[in-house]
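>
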Amino acid sequence: MKQKLKKTRAITLGQKVSDKVTGTIGSWKFIIIQSVIIFFWIILNVVFELWDKYPFILLNLAMSFQAAYTAPIIMMSQNREAQRDRQRAEADYKINLLAENEIETIMTALKELDKKVLRHEEIKSEITQMKTEFKALQDILSIKKP
0 MKQKLKKTRA ITLGQKVSDK VTGTIGSWKF IIIQSVIIFF WIILNVVFEL WDKYPFILLN
60 LAMSFQAAYT APIIMMSQNR EAQRDRQRAE ADYKINLLAE NEIETIMTAL KELDKKVLRH
120 EEIKSEITQM KTEFKALQDI LSIKKP
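Numbering of the sequence shown is given in numbering that gives the first Met the number 0, commencing with residue 0 and proceeding in unit increments.
Following this line, the structure appears as structure tokens:
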């Protein structure tokens, strides 16, 4: 049984952006590119003393700015993921309840079928016993005839 998760509301532009930003920031590609940029920033400013001399206050400001904006964006995306997880868990719970009810129904039917089979075996056993007794009676009657 397939059951689609109900969307509680349409995804807003901000939610789409937060998901996209989180997907980008959480990738190796982003980490490598950022590391290369920081490496060249430091090398250029140490060797040529260009725009941001040691202790790299401008770089520190840029990194703080990036962290200040990415942290809440990541939190928004994680909150949405948690909401989707809750919906999936609720759907799984409902499916498990349905499966449990189906299993109980099947088990009840199997128990009834088992009772019928056992009764059938009992009747078959009784018939076999009656045939044996009937055969014994026939033999006794055939012996008594002169």
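Cβ coordinates follow ideal geometry from the N, Cα and C atoms, glycine included.
1) Please classify residue 63: is it buried, with 16 or more other beta-carbons within 10 angstroms of its beta-carbon, or exposed?
2) Can you tell me whether residue 53 is helix, strand or coil according to DSSP?
3) How many angstroms separate the CA atom of residue 20 from the CA atom of residue 103?
4) Taking the beta carbon of residue 26 as the centre, do at least 16 other beta carbons fall within 10 Å, making it buried, or is it exposed?
5) For residue 17, count the other beta carbons within 10 Å of its own beta carbon; 16 or more makes it buried, fewer makes it exposed. Which is it?
6) Rounded to a whole number of angstroms, what is the C-alpha to C-alpha distance between residue 109 and residue 99?
7) Identify whether residue 26 lies in helix, strand or coil by the three-state DSSP scheme.
8) Let me know if residue 34 comes out buried or exposed under the rule of 16 or more other beta-carbons within 10 Å of its beta-carbon.
Based on what the coordinates show:
1) Residue 63 should be labelled exposed.
2) coil
3) Roughly 47 angstroms between the two C-alpha positions.
4) exposed
5) Residue environment: residue 17 is assigned as buried (16 or more neighbouring CB atoms within 10 Å of its CB, all protein chains considered).
6) 15 angstroms
7) coil
8) It is exposed - the Cβ of residue 34 has fewer than 16 other Cβ atoms within 10 Å.
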